[in-house]
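In my numbering, the protein residues as written are 24 to 86. We treat Cβ as the ideally placed atom computed from N, Cα and C, and that holds for glycine.
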């Protein structure tokens with residue numbers, strides 16, 4: 024997810040605004056400290072205009 028965000032030149036705060044969560048929540052997901060809810064995972068995929076499986080590694084490791 025961090026790579027996808029960086030490719031778009033979005034800050035964690037900007038991505039958080041796009042999906043309705045705090046910068047800290049984005050950081051926690053990116054660093055693997057927190058697994059996103061299904062709602063947040065779909066919101067992130069929508070923000071990146073990707074399928075959910077293209078945003079999150081199937082083995083549970085954040086991209």
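Cβ-Cβ distance between residue i and residue j below 8 Å
i          : j          : result
residue 27 : residue 71 : yes
C-alpha gap between residue i and residue j, whole angstroms
i          : j          : result
residue 45 : residue 38 : 9 Å
residue 79 : residue 24 : 7 Å
residue 36 : residue 49 : 8 Å
residue 63 : residue 47 : 14 Å
Close Cβ partners of residue i (< 8 Å) along its chain, the five nearest in sequence each way excluded
i          : result
residue 33 : 41
Residues near residue i by beta carbon distance below 7 Å, same chain, minus five either side
i          : result
residue 59 : 52, 67
residue 75 : 64, 65, 68
Interface flag, residue i vs chain C, CB-CB below 8 Å
i          : result
residue 39 : In the structure shown, chain C cannot be found, because there is only a single protein chain.
Close Cβ partners of residue i (< 6 Å) along its chain, the five nearest in sequence each way excluded
i          : result
residue 57 : 51
Which runs of the alpha helix (DSSP H) fall wholly inside the stretch 24–76 and span at least 4 residues, in chain order? Counting only runs of 4 or more, we get 25–30, 35–42, 46–53, 61–71.
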